[in-house]
Amino acid sequence: MMIRFISYIEGERYSEDDIPSKFKNGGYFKKNKDGTLTSKVCGISILNKNTYIFLPKGFSKNSDSDYKLKVGKRVFKSLMKYKKSVMITEEESDWLGEDTIEIEYIDTIEWILKDYFQNGIYNEQNKKQEMNGKGKINWAKTIKQTLPFINDSKLLYLDVITNKNQTNSNIISIIHNNVVFECAEEFGWLFDINIKLVKMDIPISSDHQITILKSKLREVFSTYEITLLQNMIKYLESKNSQSDGVHFNLLTPYYYYVWEEMLRNAMEHNEKLQNFVPKPYWEINNKKKYSKQIPDILLERNNNLIIMDAKYYSITTNNVQKFPGWESIVKQMYYSMSLSHLYNDIQNIFLMPEMLINENKKYIGKTAVEGKESQFGYVYAYSLDINLVLKSYLREDNLNHILGEIIKNIGLNKT
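See below:
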């Protein structure tokens, strides 16, 4: 299936004429003094049947369409996984929270598609009752409704009542077929799902279909049937309510949280080490009120500590467009000083996203306080290939081999 799309890269500038008004008014772009607009979100949007892919910082404008689509799908999947696996912040909930209409719609579509592969198209099961049939004997009714013969003081039933489940295809099955067809036709490519169904003619409106499903919902007691009918109703109601043309929206201006979570997984962050990080405090009225130092990523190698900070900055050339500032640098150095008594050696590293060709990492440089290098040490900056990190997160693979190469490389860059 050929997917036509328009792409934007977070942090890049675009002409205002190239941006749909829905995006300009929705907070997806920031207006600059020169009249251009800077993309500030990451994810997928489908508006009036046009697909828009918002790629993360560090991605290259010069990438070919196939690669943009491949990475765009992985960005979509990373957001789907992220919003289900972490407790999102209050600011993120307006974009990724389950209570938002867009997220409920996406989750409904995902459920319908996955359910089809597990259970197929809905078919109603009816019990057929007959005399001496091939089904299971219903002893309760047989004993109540038939007369036995007595043979050697034993009761012998020559006629028995049997139950047999029959599958009936009905209007619910047709509605379900068409709902699955629509979900797969429009959104299956995002989930890597290909379903070969044929849309069936149904001479009733979408509102009438919803009425039929709600009526059926009052008749069923199976948890599965209830959930299936509820999701079909939600899908049709959401589709009917989309008067502004937005069909599908999974976007966030907070992808830096996702970048951090992906790196925490890829580098196998050791949460237990957080217990050894000293806590700053305020003392007021002879009472101490503690706060926390929270490094992004902590892990041990032998008796050495590695402290990593996930920096979601754009790097599109050999020069960093925006260096981590004084606050970020001092914070990393303070972490190191706080823990220096526990380890033989501590390495401090910034990790940033970049689209890399024929390599998975790139050394950017190092930062220090002049004249205090031996006391405070260095913070080393590396970029990691965006696609590699996305694949690692989605497959739940670690990037220990990359970290090993970085540590080895740091040894060469210490002088």
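All letters in the sequence shown, in the order written, are residues 280 to 694 by my numbering.
Ideal Cβ placement from N, Cα and C applies to all residues, glycine included.
Here the structure is a predicted model, which is why all the values come from computation and not from measurement.
Proximity to residue i [Cα-Cα], best of the options
{"i": "Ile586", "options": "Ile563, Pro559, Val537 and Tyr659", "result": "Tyr659"}
{"i": "Met263", "options": "Ile625, Asp345, Met511 and Leu434", "result": "Examination of residue 263 is not possible in this model, given that the chain is present from 280 through 694 alone."}
{"i": "Ile400", "options": "Ile440, Asn449 and Ile563", "result": "Asn449"}
{"i": "Lys610", "options": "Lys651, Asn623, Met366 and Phe655", "result": "Phe655"}
{"i": "Asn554", "options": "Leu577, Glu539 and Gly306", "result": "Leu577"}
{"i": "Asp588", "options": "Leu476, Asn677, Asp575 and Arg580", "result": "Asp575"}
{"i": "Asn402", "options": "Val499, Ile489 and Gly414", "result": "Val499"}
{"i": "Asp676", "options": "Asp664, Glu562 and Met541", "result": "Met541"}
{"i": "Tyr293", "options": "Phe284, Gly306 and Asn311", "result": "Asn311"}
{"i": "Gln488", "options": "Thr502, Lys651, Gly306 and Met511", "result": "Met511"}
{"i": "Glu579", "options": "Lys601, Asn549 and Trp561", "result": "Asn549"}
{"i": "Asn329", "options": "Lys518, Phe527, Arg543 and Ile643", "result": "Phe527"}
{"i": "Glu547", "options": "Asn564, Ser671, Glu684 and Leu375", "result": "Ser671"}
{"i": "His620", "options": "Gln397, Lys645, Glu562 and Val556", "result": "Val556"}
As assigned by DSSP and simplified to three states, the class of residue i
{"i": "Arg497", "result": "coil"}
{"i": "Met410", "result": "strand"}
{"i": "Val668", "result": "helix"}
{"i": "Ala647", "result": "coil"}
{"i": "Ile384", "result": "Strictly speaking, residue 384 in this sequence is Tyr, with Ile absent from that position. In this structure, Tyr384 counts as helix in the three-state DSSP scheme."}
{"i": "Val365", "result": "coil"}
{"i": "Ser619", "result": "helix"}
{"i": "Glu675", "result": "coil"}
{"i": "Asn456", "result": "helix"}
{"i": "Met728", "result": "The displayed coordinates of the chain run from 280 to 694. Any statement about residue 728 would go beyond what the structure contains."}
{"i": "Ser294", "result": "coil"}
{"i": "Phe338", "result": "coil"}
{"i": "Leu242", "result": "This structure cannot settle anything about residue 242, because the visible part of the chain is limited to 280 through 694."}
{"i": "Leu392", "result": "helix"}
{"i": "Gln626", "result": "strand"}
Backbone CA spacing between residue i and residue j [nearest angstrom]
{"i": "Ser372", "j": "Ile573", "result": "22 Å"}
{"i": "Glu291", "j": "Thr317", "result": "5 Å"}
{"i": "Asn341", "j": "Gly604", "result": "29 Å"}
{"i": "Tyr287", "j": "Met366", "result": "28 Å"}
{"i": "Tyr395", "j": "Ile454", "result": "13 Å"}
{"i": "Glu633", "j": "Lys360", "result": "21 Å"}
{"i": "Thr732", "j": "Leu434", "result": "With the chain represented from 280 up to 694, any question about residue 732 goes unanswered, as that position is not in the structure."}
{"i": "Gly412", "j": "Tyr436", "result": "14 Å"}
{"i": "Phe428", "j": "Gly414", "result": "22 Å"}
{"i": "Ala647", "j": "Leu326", "result": "47 Å"}
{"i": "Asp378", "j": "Asn519", "result": "18 Å"}
{"i": "Ile385", "j": "Trp374", "result": "12 Å"}
{"i": "Ile481", "j": "Trp538", "result": "46 Å"}
{"i": "Leu682", "j": "Ser364", "result": "24 Å"}
{"i": "Leu476", "j": "Ile451", "result": "16 Å"}
Beta carbon of residue i nearer than 8 Å to that of residue j
{"i": "Asp438", "j": "Met479", "result": "no"}
{"i": "Lys551", "j": "Lys571", "result": "no"}
{"i": "Leu618", "j": "Ile625", "result": "yes"}
{"i": "Leu529", "j": "Leu358", "result": "yes"}
{"i": "Asn688", "j": "Tyr657", "result": "no"}
{"i": "Gly467", "j": "Leu392", "result": "yes"}
{"i": "Glu383", "j": "Lys567", "result": "no"}
{"i": "Lys336", "j": "Tyr591", "result": "yes"}
{"i": "Phe338", "j": "Val350", "result": "yes"}
{"i": "Ser653", "j": "Met631", "result": "no"}
{"i": "Asn582", "j": "Tyr622", "result": "yes"}
{"i": "Leu508", "j": "Lys352", "result": "no"}
Practice problem: Note down, one range per segment and in chain order, each beta strand (DSSP E) of at least 3 residues found wholly within the region 472–560. | Solution: 525–531
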